[in-house]
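Peer 1: Basically the numbering used here = 1-based index in the sequence shown + 81.
Please find one structure pasted underneath; my questions will follow.
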Amino acid sequence: MEFDSKPINEAKKFKTEAHSINLYHTPPFGQLTLEECEDLFRQRIEALALFERLSDVSGEERHATIASSLREIKSHVYKGNCLLNLKDPKQSKLDQFSHMLARIFCIYQPNQWEWFRSCEKKLMSYRLRHDYLISGSQLESILNSLNFDFERVQTPELVDIRREKLIGWNSRDKDNDEIFKVKFVDAIKFIARRAVSLKDGYAYLTRTEVLSVVCDAFERHLDREFNYGRQHLNLEHPQIEQLLASLELVFIDFQEKINEEEKRLKRNVNGEQMNPFKIDIDDIDDVSKVHFPPCIRYLHESLTNDHHLKHQGRLIYGTFLKSGGVDMDTAIEFWRREFTKKIANDKFERDYKYNIRHLYGKEGHKKSLSCYSCDKIINDNAPGPADKHGCPFKHFDDSHLRTMLVKHGLKEVDVESLFILRNDKDFKGACTQYYKFTKGHLPTETVRNPIHYYYESKRLETHPPGETDVQDDQDHPEAPSGDDQSKNPVQSDYADINEDMMDDF
Ligand code: SF4
């Protein structure tokens, strides 16, 4: 299929984009098959959805989410990396094609325009701030192509404006070596916040501020192009009709995926998702003996014996129960049932209920907590004399550990092999072997989180592996990778549970 720009932009003055970032002034020329168009369009909107997700994340999670989302973009979206590697002319052209396809689709479905434009702006912001080291001359080139009236402040004038203190000197000092003069109308948002200085109708902006202005101008530029396209694109042209029919199917598919994802997240947030392995509080004494890892089993036994747990123990056990599907109200009643065997209900309400609500993200910083990982339990907050938390393989003394293992039914020879691993400081390896000695099968991967241990154990109970699934002869079996995952029912089903029903580790 030929994808010709003339119907869209014939009268437009084409400009050479000397910088490496596409501003999409000029539609690309070339031929694409319908399938290639569909593929590029799908990749673009999926990438934009990822960038949209990035901007919704805040606080402590932001950094980790940005890093993981970028890995996702780089590894799965745009197999040729054309979203981020615009220095390669071929990749740059693919980027232009995919942008233009999405733009054409929005002309056909104008109610999608706002979403598309705002995501494109986020992508542009990312490119300008994180993915490129834009030189001063490249920035000038970008400003030129966006028709900015600007001037880069030269050294003598820089000295003068510093003397006159026309620009800020504190937080913006690091930026102050590169100052741009732009017409005040282009810097209105900074002027409104009294964040920049003005002289003779010009605002003095740092590089960071200029990049922000560029993103705003890019957004306006997209609006102009969109309106131009709406006036000139002939939607009834047979080739365009055929293209739009294909893109619409891609978009419907994309929306269905997004809706499913939103429903899944909503169900997770409300704790309503069907979880076949959800911890049943009414049955918890028996369940803890069979399916809880030693650290959590010990916390449960301590709680039911002493009717109390100190703060760290409550946190570790509480987050474990939460990740095991226990909703907040049930958790509160569970803790109340145990604590009020020793303290008055008023005291429980006053001193302990708040902490449970906090853990579910209903109080304080409103951040829902997930089950602590083994590394965290092993390495942080070593237990004091009255504490019950910690990893038994690390924190128990020899006699305490031996007593516990014998009580759990391990043979003497197995206990000795666990002590060898413990003495080598391989605590998770010891726990993985403990799993094998108590269940007859190794888990599909080395234990790394108590809730992982629990789900693995429940899964094994429901679907015991056949002889060929078991990898008993390996000390530390690795999970099958890539396509092999589908061949291992235990692993693939567990992966679903891991993703859909458990919190992030
Ligand atoms: Fe608990 Fe992890 Fe230690 Fe096992 S290795 S006992 S799951 S902390």
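Note that beta-carbon positions come from the ideal geometry of N, C-alpha and C, so glycine has one too.
With distances taken between CB atoms, is the gap from D267 to F299 smaller than 8 Å?
Peer 2: No.
Peer 1: Could you pull out every residue in the same chain whose Cβ sits closer than 6 Å to the Cβ of G394, ignoring the five residues on either side in sequence?
Peer 2: The answer, listed in chain order, is L380, K469, H470.
Peer 1: Could you tell me if L316 is buried or exposed, where buried requires 16 or more neighbouring beta carbons within 10 angstroms of its beta carbon?
Peer 2: Exposed: under 16 other Cβ atoms inside 10 Å.
Peer 1: With respect to the beta strand (DSSP E) encompassing K264, which residues constitute its N-terminal and C-terminal limits?
Peer 2: Its beta strand (DSSP E) spans residues 260 to 264.
Peer 1: Given this structure, state the Cα-to-Cα distance separating P561 from R529, to the nearest angstrom.
Peer 2: Low per-residue confidence applies at P561: pLDDT is 27, beneath 50, and the placement is therefore not dependable, though the value from the model is reported in the following sentence. If you take the alpha carbons of P561 and R529, they lie about 17 Å apart.
Peer 1: Could you tell me whether the Cβ atoms of Y536 and P374 are closer together than 8 Å?
Peer 2: No, these two residues do not count as a Cβ contact at 8 Å.
Peer 1: Where does V368 land, buried or exposed, given buried means 16+ other C-beta within 10 angstroms?
Peer 2: It counts as buried.
Peer 1: Which runs of the alpha helix (DSSP H) at least 4 residues long sit entirely within the region 451 to 497? Give them in chain order.
Peer 2: Listed in chain order, they are 455 to 460, 473 to 476, 479 to 488.
Peer 1: Do the region 221 to 235 and the region 312 to 326 make contact, defined as three or more Cβ pairs closer than 8 Å?
Peer 2: Result no; under three Cβ-Cβ pairs closer than 8 Å.
Peer 1: Could I get the ranges of all uninterrupted alpha helix (DSSP H) runs contained in the region 270 to 350, with 4 residues as the minimum, in chain order?
Peer 2: Complete alpha helix (DSSP H) runs here, min 4: 288 to 313.
Peer 1: Do K174 and P108 have their CB atoms nearer than 8 Å?
Peer 2: In this structure, P108 does not lie closer than 8 Å to K174 by Cβ.
Peer 1: For E232 versus K262, is the C-beta distance shorter than 8 Å?
Peer 2: Their beta carbons are under 8 Å apart, which means E232 touches K262 by this criterion.
Peer 1: Which term fits T525, buried or exposed, when burial requires 16 or more other beta carbons within 10 angstroms of its beta carbon?
Peer 2: T525 should be labelled buried.
Peer 1: Which residues mark the beginning and the end of the beta strand (DSSP E) in which R438 is found?
Peer 2: Here R438 belongs to no beta strand (DSSP E); instead the alpha helix (DSSP H) covers 434 to 440.
Peer 1: For E232, which residues does DSSP report across the bridge?
Peer 2: In the DSSP output, where bridge partners are listed per residue, E232 has K262.
Peer 1: Under three-state DSSP, which class holds Y105?
Peer 2: Residue state, collapsed to three classes: coil.
Peer 1: Taking 7 Å as the line, does the beta carbon of P473 fall inside it for any heavy atom of ligand 1?
Peer 2: Within the cutoff, so yes.
Peer 1: Within 10 Å of its beta-carbon, does E580 have 16 or more other beta-carbons around it, so buried, or fewer, so exposed?
Peer 2: Note that E580 has pLDDT 29, beneath the 50 cutoff, so the model's placement of it is unreliable and the number below is only indicative. With fewer than 16 Cβ atoms within 10 Å of its Cβ, E580 is classed as exposed.
Peer 1: Around the C-beta of K539, are 16 or more other C-beta atoms found within 10 angstroms, so that it is buried, or is it exposed?
Peer 2: K539 should be labelled buried.
Peer 1: Apart from the five residues just before and just after L303, which ones in its own chain have a Cβ nearer than 7 Å to its Cβ?
Peer 2: So the qualifying residues of the chain are R198, E201.
Peer 1: Leaving aside the five residues before and after C296 along the sequence, list all residues of the same chain whose C-beta is less than 8 Å from its C-beta, in chain order.
Peer 2: Once the five neighbours on either side are set aside, the close Cβ partners of C296 are K202, M205, S206, L209.
Peer 1: Pull up the distance between the alpha-carbon of L482 and that of N460, whole angstroms please.
Peer 2: Approximately 18 Å between the Cα atoms of the pair.
Peer 1: Could you work out which residue in T289, D505, I260 is closest to L279 when comparing CA atoms only?
Peer 2: Among T289, D505, I260, the Cα nearest to that of L279 belongs to I260.
Peer 1: Considering only C-alpha positions, which residue in the set L131, D366, H476 is nearest to I339?
Peer 2: It is L131.
Peer 1: Starting from E419, trace the alpha helix (DSSP H) in both directions and tell me its first and last residue.
Peer 2: Element bounds for E419: 409 to 420.
Peer 1: Taking just the CA atoms, how far does R418 sit from E444?
Peer 2: So the two alpha carbons sit approximately 22 Å from each other.
Peer 1: Would you call the region 399 to 418 and the region 510 to 523 in contact, with 3 or more CB pairs under 8 Å?
Peer 2: In short, these stretches do not touch, since the Cβ pair count stays below three.
Peer 1: Taking the C-alpha atoms as reference points, what is the distance between G521 and E542?
Peer 2: Taking the straight line joining both Cα atoms gives about 11 Å.
Peer 1: Going straight from the alpha carbon of C452 to that of P531, what length do you get?
Peer 2: Their backbone Cα atoms lie some 8 Å apart in a straight line.
Peer 1: Could you check if P466 belongs to the surroundings of ligand 1, using beta carbon to heavy atom distance under 7 Å?
Peer 2: Flag unset: Cβ of P466 not near ligand 1.
Peer 1: Just to check my reading of the structure: A467 and K391 have Cβ atoms closer than 8 Å, yes? What is that Cβ distance to the nearest angstrom?
Peer 2: Confirmed, about 6 Å.
Peer 1: Between which two residues does the alpha helix (DSSP H) containing E56 stretch?
Peer 2: It is not possible to answer for residue 56, since the shown part of the chain is limited to 82 through 586.
Peer 1: Is S216 helix, strand or coil by DSSP?
Peer 2: Note: S216 maps to coil in three-state DSSP.
Peer 1: Using only the heavy atoms of ligand 1, determine whether one of them is closer than 7 Å to the beta carbon of K539.
Peer 2: No; taking the cut-off as 7 Å, the Cβ of K539 has no heavy atom of ligand 1 nearer than that.
Peer 1: Quick one: give me the first and last residue of the alpha helix (DSSP H) that R208 is part of.
Peer 2: Run containing R208: none; DSSP gives neither H nor E here.
Peer 1: Can you give the Cα-Cα distance for Q172 and L121, rounded to whole angstroms?
Peer 2: Going from the Cα of Q172 to the Cα of L121 covers about 12 Å.
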